[in-house]
Amino acid sequence: MTMSFQWKTPQLQSKLQEADIVVLGSSKPEEIPLSWIQPGTIVLNCSHDLLSGKLGHGSPGIPFSGPIAENDVSLLAAALRIQNMVSSGRRWLREQQYTRWRLHCLRLQPLSPVPSDIEISRAQTPKAVDVLAKEIGLLADEIEIYGKSKAKVCLSLLERLKDQADGKYVLVAGITPTPLGEGKSTVTVGLVQALTAHLNINSFACLRQPSQGPTFGVKGGAAGGGYAQVIPMEEFNLHLTGDIHAITAANNLLAAAIDARILHENTQTDKALYNRLVPSVNGVREFSNIQLARLKKLGINKTDPSTLTEEEMNKFARLNIDPSTITWQRVLDTNDRFLRKITIGQAGTEKGYSRQAQFDIAVASEIMAVLALTDSLKDMKERLGRMVVASDKNGQPVTAEDLGVTGALTVLMKDAIKPNLMQTLEGTPVFVHAGPFANIAHGNSSVLADKIALKLVGKEGFVVTEAGFGADIGMEKFFNIKCRASGLVPNAVVLVATVRALKMHGGGPSVTAGAPLSREYTEENIQLVADGCCNLQKQIQIAQLFGVPVVVALNVFKTDTRAEIDLVCELAKRAGAFDAVPCYHWSSGGKGSVDLAWAVREAASKRSRFQFLYDVQLPIVEKIRTIAQAVYGARDVELSPEAQSKIDLYTQQGFGNLPICMAKTHLSLSHQPDKKGVPRDFILPISDVRASIGAGFIYPLVGTISTMPGLPTRPCFYDIDLDTETEQVKGLF
1 MTMSFQWKTP
11 QLQSKLQEAD
21 IVVLGSSKPE
31 EIPLSWIQPG
41 TIVLNCSHDL
51 LSGKLGHGSP
61 GIPFSGPIAE
71 NDVSLLAAAL
81 RIQNMVSSGR
91 RWLREQQYTR
101 WRLHCLRLQP
111 LSPVPSDIEI
121 SRAQTPKAVD
131 VLAKEIGLLA
141 DEIEIYGKSK
151 AKVCLSLLER
161 LKDQADGKYV
171 LVAGITPTPL
181 GEGKSTVTVG
191 LVQALTAHLN
201 INSFACLRQP
211 SQGPTFGVKG
221 GAAGGGYAQV
231 IPMEEFNLHL
241 TGDIHAITAA
251 NNLLAAAIDA
261 RILHENTQTD
271 KALYNRLVPS
281 VNGVREFSNI
291 QLARLKKLGI
301 NKTDPSTLTE
311 EEMNKFARLN
321 IDPSTITWQR
331 VLDTNDRFLR
341 KITIGQAGTE
351 KGYSRQAQFD
361 IAVASEIMAV
371 LALTDSLKDM
381 KERLGRMVVA
391 SDKNGQPVTA
401 EDLGVTGALT
411 VLMKDAIKPN
421 LMQTLEGTPV
431 FVHAGPFANI
441 AHGNSSVLAD
451 KIALKLVGKE
461 GFVVTEAGFG
471 ADIGMEKFFN
481 IKCRASGLVP
491 NAVVLVATVR
501 ALKMHGGGPS
511 VTAGAPLSRE
521 YTEENIQLVA
531 DGCCNLQKQI
541 QIAQLFGVPV
551 VVALNVFKTD
561 TRAEIDLVCE
571 LAKRAGAFDA
581 VPCYHWSSGG
591 KGSVDLAWAV
601 REAASKRSRF
611 QFLYDVQLPI
621 VEKIRTIAQA
631 VYGARDVELS
641 PEAQSKIDLY
651 TQQGFGNLPI
661 CMAKTHLSLS
671 HQPDKKGVPR
681 DFILPISDVR
691 ASIGAGFIYP
701 LVGTISTMPG
711 LPTRPCFYDI
721 DLDTETEQVK
731 GLF
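All letters in the sequence shown, in the order written, are residues 1 to 733 by my numbering.
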């Protein structure tokens, strides 16, 4: 900033003391003391004697410093120096905007046979996270460092880069998987390693934070695998920066508030309840801000607690929650089947108030969905307040805002809203943020992580985000729920397939986690692969419903043969895929996915004809039926009496225009996990319907889907251990 003043300007002293550079255009008057110019200030003496044409020396004793010598300088020299400063400032501003990253990629030296995931992760030394942040254009005050290899990224970045064009937006989905998973996270990481480390294209991976339930249960971690993973993988798979713990704390605070409020309303008179809700503190009695908001909602336009009538006190103090309508459950980030149905309130101190309840897995909490779909701290607070936990005895919704807990929930979540920055094995950036399951929630990482990444990569860059399980579940919800919330339009879909999963869909023996694979999966069997490609073709068709080009990524295993690989790629192209590419990132890192990177780049350059599957203004039942028929291939849906009753209630309460988030098994296109391939002519049973109003969707439960997984006979925790000498974790995968 430059400012021009006359010597007689009022407040000149304060202006001079703020200056870094003072240019004297005329001789300093005697009455202006030198002390007004701060020591160390650069002074350019350009005062000119117009009569003689000579530079003046009317300012003796001015303390020149910095690059300017004690000699006077010409007007031209002063102008050039100031011009240089302006140019330097412009250059700095440009550097804060988009630029091709000067990323120092980490070198890989793949071994054969490929070691375990944790051995590969531990063999690579990650860059310090502050170094990575600087390389991708983050400023020092935009990150909060956790240890050496993780950092939170501040949301202020979005304001700084608001005028920057977004990069290309790519979704990684998959075919219907085996219980072992088919490697979507691995493909996502391999693709960004290929784009950035091998093609020199700015790219970001956006992944979900894994739940510790599967990590210690059956599936294991979710950092990718082989030479395409996020590091350090043990930090990724365990606590990370505590986001899931924050969600658990917030969720259970709200659950505790519900039951406590019912207890206090059941055991106190109106007056006693009101006096405790609005106590006198040091002789002063006043409503809190959230209580004032409740008064406004109730139409009571008063701010003095002493002026409410008895009727108004009753209306304000009593929520009259109907216990049979409570839908808010406690959560835990552990697979614990014995918490699926419990009785609470059995202690004598609860005065006979008990009820049946349950625990859900933490990542099924609506607060996790709110975190994944919000776009700002303000929006998150509003969403948390809107969450419906029950109905009152008149059938009206009761919210977190009614319970007075919105502010406290926001405080618990204020750090969790910031995306977590990590890196791949090749030193390329990754955001890890939010982790809703795709079978019992909407199954996608956060909108905020995607939006920040799209700004950081720049117009020519790529953001690759991953949706849980098959395209029928995670991808459908990505388009119909996440894209509605974010306003973002995807440029391409990468559909991950494996020969193993296709053989299962072709009629191969069942695949069980922890059990050896049958020989059909380890030996060439062209017929099984051909028969199983029906599932791949169906998933391609599902993606095409949304008007987005599809690239099939065949995640190659060491037992796959060339004939099997070629057959899958050929059939995928015939089914309408833009391209189909075998990928070898697991054994080779980014180098093994360069062909996929080129295919994705070309597909994303095509014009997107993206469209939603349904209009949210349709009745709830019609939206459910549209998904069941167009995506799953069902003949129709069948609603239980309870499900129909809930739909009627939510419609009456004004929630009928929300999108649908189906809770369904991920192991089949139908509701029956053992029905592989492409089931046809089935009726999809809807056993119950819930409403996640804060997150912004209606949540039908299909068949017997459970929101709390259980542990198998031999969980992963048998193999997990800690070396007490080196403090290194063993056995994670």
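Don't be surprised by glycine CBs; every beta carbon is placed ideally from N, CA and C. The structure presented is a predicted model; accordingly, all values stated were derived computationally and were not measured.
Anticipated Cβ contact below 8 Å, ALA173 with MET475, distance rounded: 4 Å
C-beta atoms of MET387 and GLU366 nearer than 8 Å: yes
The stretch 628 to 635 contacting the stretch 432 to 446, beta-carbon criterion three pairs below 8 Å: Output reads no: the stretch 432 to 446 does not touch the stretch 628 to 635.
Outcome for LYS184 when other beta-carbon atoms lying within 10 angstroms are tallied against a minimum of 16: It is buried - the Cβ of LYS184 has at least 16 other Cβ atoms within 10 Å.
Length of the line joining the Cα atoms of LEU51 and SER27: Reliability fails at LEU51, whose pLDDT of 38 lies under 50, so the model's placement of it is uncertain and no value is given.
Coarse secondary structure for LEU409, derived from DSSP in three states: Here LEU409 carries a helix assignment [DSSP, helix/strand/coil].
Selected residue, minimal CA-CA separation from PHE697, among SER587, PHE204, LYS482, ILE720: LYS482
Helix, strand or coil at GLU31 according to DSSP, with G and I counted as helix: coil
Among MET233, GLY25, PHE338, GLN423, the one whose alpha carbon lies nearest that of PHE204: GLN423
For ARG330, the residue or residues it bridges with in DSSP: PHE359
Residues of its chain near LEU180, where Cβ-Cβ distance is below 7 Å and the 5 sequence neighbours each way are ignored: VAL511, ALA513
Residue closest to THR707, alpha-carbon to alpha-carbon, out of VAL331, ALA575, PRO490: It is VAL331 whose Cα lies nearest to the Cα of THR707.
Limits of the beta strand (DSSP E) - the one that ASN45 falls within: Membership of ASN45 in the beta strand (DSSP E) is indicated by the continuous run 42 to 45.
Assumed close pair ALA643, VAL689 - CB separation to whole angstroms, cut-off 8 Å: 5 Å
Continuous alpha helix (DSSP H) assignments of at least 4 residues falling wholly in the stretch 115 to 194: 117 to 123, 129 to 135, 156 to 160, 184 to 193
Which of helix, strand or coil DSSP assigns to THR734: This structure gives no information on residue 734, because the portion of the chain shown stretches from 1 to 733.
Given 8 Å, three or more beta-carbon pairs between the stretch 645 to 657 and the stretch 615 to 627: Yes, since at least three Cβ pairs between the stretch 645 to 657 and the stretch 615 to 627 fall closer than 8 Å, the two stretches touch.
C-alpha distance - VAL170 paired with ALA575, whole-angstrom precision: 20 Å
Contact under 8 Å by Cβ, VAL496 with VAL187: yes
Cα-Cα separation between MET313 and TYR274, rounded to whole angstroms: 6 Å
DSSP three-state assignment for ASP304, whether helix, strand or coil: coil
For ALA438, the nearest candidate out of ILE32, ALA123, GLN38, ARG208 (CA to CA): When ILE32, ALA123, GLN38, ARG208 are compared, the shortest CA-CA separation from ALA438 is found for ARG208.
Residues near PRO305 by beta carbon distance below 7 Å, same chain, minus five either side: VAL278, ARG285, GLU286, PHE287
Coil, strand or helix - ARG601 by DSSP: helix
DSSP state of SER59 mapped onto helix, strand, coil: Caution is warranted here: a pLDDT of 44 is assigned to SER59, below 50, making its placement in the model unreliable, and the coordinate value is therefore given only provisionally. Coil.
Test item: CB-CB of ILE417 and LEU384 under 8 Å: no
Three-way DSSP call (helix, strand, coil) for ASP392 in this model: strand
Continuous alpha helix (DSSP H) stretch holding CYS583: start and end: No alpha helix (DSSP H) contains CYS583, which is instead part of the beta strand (DSSP E) from 579 to 583.
Rounded separation between ARG601 and VAL22 - CA only: 52 Å
According to DSSP, residues forming a beta bridge with PRO685: GLU638
Host alpha helix (DSSP H) of SER267 (start-end): The residue asked about is misnamed: residue 267 is Thr in this sequence, not Ser. Looking at the DSSP string, the run of the alpha helix (DSSP H) that includes THR267 is 243 to 267.
Sequence-distant residues of the same chain with beta carbon closer than 6 Å to HIS57, five excluded per side: A caution first: HIS57 carries a pLDDT of 41, below 50, which makes its placement in the model too unreliable to give a value.
Which of helix, strand or coil DSSP assigns to LYS558: Reduced to three states, the DSSP call for LYS558 is coil.
Sufficient close CB pairs (3 or more, under 8 Å) joining the stretch 668 to 677 to the stretch 707 to 719: no
Limits of the unbroken beta strand (DSSP E) element including VAL678: Here VAL678 belongs to no beta strand (DSSP E), and DSSP marks it neither H nor E.
Backbone CA spacing between ILE734 and GLY507 [nearest angstrom]: Any question about residue 734 goes unanswered here, given that the chain covers just 1 to 733.
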